[in-house]
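Here the structure comes first, spelled out in structure tokens, and everything after it is commentary.
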Amino acid sequence: DAKTTQPPSMDCAEGRAANLPCNHSTISGNEYVYWYRQIHSQGPQYIIHGLKNNETNEMASLIITEDRKSSTLILPHATLRDTAVYYCIVRVGGSARQLTFGSGTQLTVLP
Amino acid sequence: ETGVTQSPTHLIKTRGQQVTLRCSSQSGHNTVSWYQQALGQGPQFIFQYYREEENGRGNFPPRFSGLQFPNYSSELNVNALELDDSALYLCASSHRQGITDTQYFGPGTRLTVL
Numbered sequence: 001d002a003k004t005t006q007p008p009s010m011d012c013a014e015g016r017a018a019n020l021p022c023n024h025s026t027i028s029g030n031e032y033v034y035w036y037r038q039i040h041s042q043g044p045q046y047i048i049h050g051l052k053n054n055e056t057n058e059m060a061s062l063i064i065t066e067d068r069k070s071s072t073l074i075l076p077h078a079t080l081r082d083t084a085v086y087y088c089i090v091r092v093g094g095s096a097r098q099l100t101f102g103s104g105t106q107l108t109v110l111p
Numbered sequence: 112e113t114g115v116t117q118s119p120t121h122l123i124k125t126r127g128q129q130v131t132l133r134c135s136s137q138s139g140h141n142t143v144s145w146y147q148q149a150l151g152q153g154p155q156f157i158f159q160y161y162r163e164e165e166n167g168r169g170n171f172p173p174r175f176s177g178l179q180f181p182n183y184s185s186e187l188n189v190n191a192l193e194l195d196d197s198a199l200y201l202c203a204s205s206h207r208q209g210i211t212d213t214q215y216f217g218p219g220t221r222l223t224v225l
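Sequence lines, in order, name chains A and B. End of the first sequence = 111 in our numbering, gap-free, step of one. End of the second sequence = 225 in our numbering, gap-free, step of one.
Structure below.
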């Protein structure tokens, strides 16, 4: 699976959009981009995933660049409960292979 | 729909002992994966079970073993505990079908080895 690069930390004001970037320049055509988050000492929570089209669900939006070498997770109206470590993971589709977690981005939502 | 559950929540053992952690997968899921998360690090893959067979293993020694039962629940067994085994142990379930199989995590079991 391709390697991902994320900033170690970011701050965001409550009520504003949080935009979390992820670089995956070596991504292959059959690899999906997954996002999880982990609130302190809890299990990781699935947020969203996509292949090449932009995706949106009730939690977030995922914007993938046309060349697929980077993506951005957008939390449209961040709340204090969104403070967590966010992991961007690239994974081959059609397999049940493991998730390979990097260091993630610590997002702190400030009041 | 019931999510992934794990038991116990916390556990304290001494070095050399053995431990069994349990996981009930989400309804309709047939695959269980186990991860170890040391303090301050991301989760590391231990192994995965599908149809009661081990289906992939990370860089963990044989004293880490597991089982999956016909109802798709699973156990993680660790023998000869070492201090470095202190960690949060996470179970994730998924349904192997189609293009992607999204893994959903349980709350974890916090193991402390003294």
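Idealized CB from N, CA, C, for every residue including glycine.
For this session: Could you work out which residue in A:G50, A:V109, A:V92 and A:K52 is closest to P76 of chain A when comparing CA atoms only?
Result: The residue labelled residue 76 of chain A in the question sits at position 76 within the first sequence. For the residues A:G50, A:V109, A:V92 and A:K52, the minimum Cα distance to P76 of chain A belongs to A:V109.
Exercise. By a C-beta neighbour count over all protein chains shown, 10 Å radius and 16 as the cutoff for buried, is G29 of chain A buried or exposed?
Worked result: Start at 1 with the first residue of the first sequence, and residue 29 of chain A comes out as number 29. With fewer than 16 other Cβ atoms within 10 Å, it is exposed.
For this session: Please report how far the alpha carbon of T125 of chain B lies from the alpha carbon of P119 of chain B, in whole angstroms.
Result: Against the second sequence, residue 125 of chain B aligns to sequence position 14. Against the second sequence, residue 119 of chain B aligns to sequence position 8. Looking at the two C-alpha atoms, the distance is approximately 16 Å.
Exercise. Using 8 Å as the threshold, is the region 197-208 of chain B in touch with the region 136-149 of chain B, meaning 3 or more CB pairs across them?
Worked result: yes
Exercise. Hey, would you say F156 of chain B sits closer than 9 Å to Q98 of chain A, going by beta carbons?
Worked result: To locate residue 156 of chain B, count along the second sequence from 1; it is residue 45. To locate residue 98 of chain A, count along the first sequence from 1; it is residue 98. Taking 9 Å as the Cβ cut-off, F156 of chain B and Q98 of chain A qualify as a contacting pair.
Exercise. Residues of chain A with CB under 9 Å from G139 of chain B, in chain order?
Worked result: The sequence position of residue 139 of chain B within the second sequence is 28, counting from 1. Neighbours of G139 of chain B on chain A: none; closest Cβ ~15 Å, over 9 Å.
Problem set entry | L187 of chain B to Y36 of chain A span [Cα, whole Å] | Position 76 of the second sequence, counted from the start, is the residue given in the question as residue 187 of chain B. Position 36 of the first sequence, counted from the start, is the residue given in the question as residue 36 of chain A. Cα-Cα distance, rounded: 23 Å.
Problem set entry | C-beta neighbour in chain A for V115 of chain B, strict 9 Å | By 1-based counting over the second sequence, the position of residue 115 of chain B is 4. Yes - at least one Cβ of chain A is within 9 Å of the one on V115 of chain B.
For this session: Use the C-beta contact count for H140 of chain B: other C-beta atoms within 10 angstroms, 16 or more gives buried, fewer gives exposed.
Result: Translated into the one-based positions of the second sequence, residue 140 of chain B becomes position 29. Per the 10 Å Cβ criterion, buried.
For this session: Return no unless some Cβ of chain A is closer than 9 Å to the Cβ of Q147 of chain B.
Result: Taking the first residue of the second sequence as position 1, residue 147 of chain B is located at position 36. By this cut-off, Q147 of chain B is not an interface position.
For this session: Please confirm if T213 of chain B has its CB atom under 9 Å from at least one CB of chain A.
Result: By one-based count along the second sequence, residue 213 of chain B stands at place 102. It does; some Cβ of chain A falls within 9 Å.
Exercise. If you compare alpha carbons, which of B:V115, B:F216, B:G114 and B:L122 is closest to D196 of chain B?
Worked result: If you number the second sequence from 1, residue 196 of chain B lands on position 85. Considering only alpha carbons, the answer is B:L122.
Exercise. For a contact meaning CB atoms closer than 9 Å, what does Y86 of chain A contact in chain B?
Worked result: The residue given as residue 86 of chain A occupies position 86 in the first sequence. Correct list: empty, because the minimum Cβ distance to chain B is about 11 Å.
Problem set entry | Contact list for the region 155-174 of chain B against chain A, Cβ threshold 8 Å | Q155, F156, Q159, Y161, N166, G167 and G169
Exercise. Out of B:T223, B:S184 and B:S185, which has the shortest C-alpha to C-alpha gap to L194 of chain B?
Worked result: For the purposes of this step, residue 194 of chain B is taken as the residue at position 83 of the second sequence. Out of B:T223, B:S184 and B:S185, B:T223 has the C-alpha closest to the C-alpha of L194 of chain B.
Problem set entry | R91 of chain A (DSSP reduced to helix, strand or coil) | Here residue 91 of chain A corresponds to residue number 91 of the first sequence, with the count starting at 1. Note: R91 of chain A maps to strand in three-state DSSP.
For this session: Could you tell me which residues DSSP puts in a beta bridge with L51 of chain A?
Result: Residue mapping note: residue 51 of chain A aligns to position 51 of the first sequence, counting from 1. Answer is none; L51 of chain A lacks a bridge partner.
For this session: Give a yes or no on whether 9 Å exceeds the smallest Cβ distance from G177 of chain B to chain A.
Result: In the second sequence, counting from the first residue as 1, residue 177 of chain B sits at position 66. Not an interface residue.
Exercise. Among A:Q45, A:A60 and A:E58, which residue has its Cα nearest to the Cα of T213 of chain B?
Worked result: For the purposes of this step, residue 213 of chain B is taken as the residue at position 102 of the second sequence. Cα-wise, what sits closest to T213 of chain B is A:Q45.
For this session: Using a Cβ cut-off of 7 Å, pull out every chain B residue sitting near Q106 of chain A, in sequence order please.
Result: Within the first sequence, residue 106 of chain A is the residue found at index 106, counting from 1. Within 7 Å Cβ-Cβ: nothing; Q106 of chain A doesn't reach chain B, min ~11 Å.
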